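Q: Pasting a structure here, questions to come.
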Amino acid sequence: MLKKKEPFLIGVAGGISSGKSTVCKKIIEELAKLNSQYQKHVLVISLDSFYKPLSPEELLKLERGELNLDHPSAFDDELAYETLINIINGKTVQIPLYEKKRYTFSGETLTVTAEKTPDILIIEGILVFYYPKIRELCQMKLFVDCDADTRLSRRVLRDMSEYNRHLDQILSYYQKYVKPAFEEFCLPTKKYADVIIPRGAENTVAINLIVQHLNDYLNSSRNESPKQEINNLLTVSMNSQSTSSMNSSNSSSPNKTPSKRTDIPYRPH
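Counted the way full-length UniProt numbering counts, the sequence shown spans residues 1 to 269.
Written out as structure tokens, the structure is:
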């Protein structure tokens with residue numbers, strides 16, 4: 001019997017409240033419509049699980065709005081990388097669960113064992129593509145693109161209703177840290193994406209494209225067919241009317257720049 005394939009790793013990036021988690025859930029839901037067993041073969045982990053623990057002094061600074069949690073230094077990227085490598089290699093890992101309301105870890109962990117190694121592994125977070133080692137591990141890179149006004153309104157509604165934070169606190173922190181960090185650290189990584197998804201989970205064209213590729217991968221994985229590369233995925237530009245253009249690198253238009261062709265590598269055992 002052939003050895004089980006290593007997980008196909010997907011990175012999902014985008015600004016805070018852009019809809020990254022919702023996109024991940026939608027992908028799993030659409031896969032489950034094809035086969036309910038697919039839900040058992042997909043694991044989503046958040047970059048939030050790799051926040052560096054805060055000292056009591058840092059927690060006080062954070063409560064005063066004086067600590068930037070959107071800066072690359074806030075995350076333990078080495079631990080995140082090592083965890084992904086261990087999952088890919090079928091080793092048991094313990095992933096701490098982060099509690100956003102209290103800016104700390106809940107004390108609970110997600111255990112991934114060799115027996116529970118997923119066929120598809122998704123890591124989502126604002127800076128997933130910022131760290132080169134993590135970015136290079138990803139075999140498919142998705143960037144959830146959402147306008148700033150929508151992201152801000154979602155954050156305000158969430159923080160006020162779920163975390164009981166005051167509007168002035170939310171807006172002050174957004175202007176001081178969230179917006180500058182997005183523009184400096186997150187937005188520039190959009191260029192690394194294989195697929196850019198405007199409007200997030202509402203963009204059914206993009207979701208269906210992704211699900212189609214993952215369905216092909218899962219079928220070949222479970223049927224233990226010979227290892228093969230998943231077809232090259234073209235960079236896809238989705239416009240605001242939910243239309244899709246997939247242009248190979250040798251196509252051209254007098255009014256449009258051809259889409260860049262991006263290979264998605266498969267790492268054989």
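Using N, Cα and C, we set each Cβ at its ideal position, and we do this for glycine too.
Source: prediction; values computed, not measured.
State the Cα-Cα distance for the pair residue 135 and residue 128, rounded to the nearest angstrom.
A: Cα to Cα, the separation comes out at about 7 Å.
Q: Which residues does DSSP list as the beta-bridge partners of residue 198?
A: Looking at the DSSP assignment, residue 198 forms a beta bridge with 145.
Q: Only counting the same chain, and skipping five residues up and downstream in sequence, which positions put a Cβ closer than 8 Å to that of residue 211?
A: If we look at residue 211 and ignore the five residues flanking it on each side, its Cβ neighbours are 27, 30, 31, 34.
Q: Thinking C-beta only, is residue 41 closer than 8 Å to residue 119?
A: Their beta carbons are under 8 Å apart, which means residue 119 touches residue 41 by this criterion.
Q: In terms of DSSP beta bridges, what is residue 104 paired with?
A: Answer is 99.
Q: So which of 101, 110, 59, 92 has the shortest CA-CA distance to residue 44?
A: For the residues 101, 110, 59, 92, the minimum Cα distance to residue 44 belongs to 110.
Q: Starting from the C-beta of residue 179, find all residues in its chain whose C-beta is less than 7 Å away, skip the five residues before and the five after it, and write them out in chain order.
A: So the list is empty, once near-sequence residues are dropped.
Q: Where does residue 194 land, buried or exposed, given buried means 16+ other C-beta within 10 angstroms?
A: Counting Cβ neighbours within 10 Å, residue 194 comes out buried, since at least 16 surround it.
Q: On the three-state DSSP scale, how would you describe residue 163?
A: Coil, per DSSP.
Q: Have a look at residue 163 and residue 106 and give me their C-alpha separation to the nearest angstrom.
A: When rounded, the distance between both Cα atoms is 15 Å.
Q: Compute the Euclidean distance between the alpha carbons of residue 155 and residue 16, then round it to the nearest angstrom.
A: In a straight line, the C-alpha of residue 155 is about 8 Å away from that of residue 16.
Q: Please go through the same chain and pick out, in chain order, the residues whose beta-carbon is closer than 6 Å to the beta-carbon of residue 49, but skip the five residues on each side of it.
A: Only 95, 96, 98 meet the Cβ criterion.
Q: For residue 84, collect the residues of the same chain with a Cβ closer than 8 Å to its Cβ; drop the 5 residues on either side in sequence, then sort them by chain order.
A: 9, 121, 123, 134, 137, listed in sequence order.
Q: Contact check, residue 186 vs residue 13 under 8 Å by CB: the rounded distance?
A: That pair is a contact at about 7 Å.
Q: With DSSP as the reference, label residue 17 as helix, strand or coil.
A: Correct three-state label for residue 17: coil.
Q: Is residue 74 near residue 91, with beta carbons less than 8 Å apart?
A: No, these two residues do not count as a Cβ contact at 8 Å.
Q: Quick check: the Cα distance between residue 237 and residue 117, rounded to an integer number of angstroms?
A: Residue confidence for residue 237 is low, a pLDDT of 36 falling below 50, so the modelled location carries little weight and cannot support an answer.
Q: Residue 1 by DSSP, collapsed to three states: which one?
A: Caution applies to residue 1, whose pLDDT of 36 falls short of 50 and renders its modelled position unreliable; the value that the coordinates give is listed next. Note: residue 1 maps to coil in three-state DSSP.
Q: Return yes when the Cβ of residue 104 is within less than 8 Å of the Cβ of residue 60, no when it is not.
A: Contact: no.
Q: Is the distance from the Cβ of residue 345 to the Cβ of residue 160 below 8 Å?
A: The requested residue 345 does not occur in the structure, where the chain is confined to residues 1 to 269.
Q: Quick one, which of 131, 100, 67 has its alpha-carbon nearest residue 78's?
A: Per the Cα distances, 131.
Q: Where do the N-terminal and C-terminal ends of the beta strand (DSSP E) with residue 59 fall, by residue?
A: Where residue 59 is concerned, there is no enclosing beta strand (DSSP E), although the alpha helix (DSSP H) it sits in stretches over 56-63.
Q: From residue 220 to residue 198, what distance separates their C-alpha atoms?
A: Computed Cα separation, rounded: 30 Å.
Q: With a 10 Å radius around its C-beta and 16 neighbouring C-beta atoms as the bar for buried, classify residue 37 as buried or exposed.
A: Exposed, by the Cβ-count rule.
Q: Can you give the Cα-Cα distance for residue 204 and residue 149, rounded to whole angstroms?
A: Their Cα atoms are separated by approximately 22 Å.
Q: Got a sec? Which residues, its chain only, sit under 7 Å from residue 181 by beta carbon, not counting five neighbours each side?
A: 68, 70, 71, listed in sequence order.
Q: I'd like the span of the alpha helix (DSSP H) that includes residue 85, first residue to last.
A: That run of the alpha helix (DSSP H) goes 77-88.
Q: Using alpha carbons as the reference points, say which of 153, 191, 76, 165 lies closest to residue 63.
A: Per the Cα distances, 165.
Q: Drop a sphere of 10 angstroms on the beta-carbon of residue 235, count the other beta-carbons inside from all chains shown, and report buried for 16 or more, exposed for fewer.
A: At residue 235 the pLDDT is 37, less than 50, meaning the model places this residue with poor confidence and gives no usable figure here.
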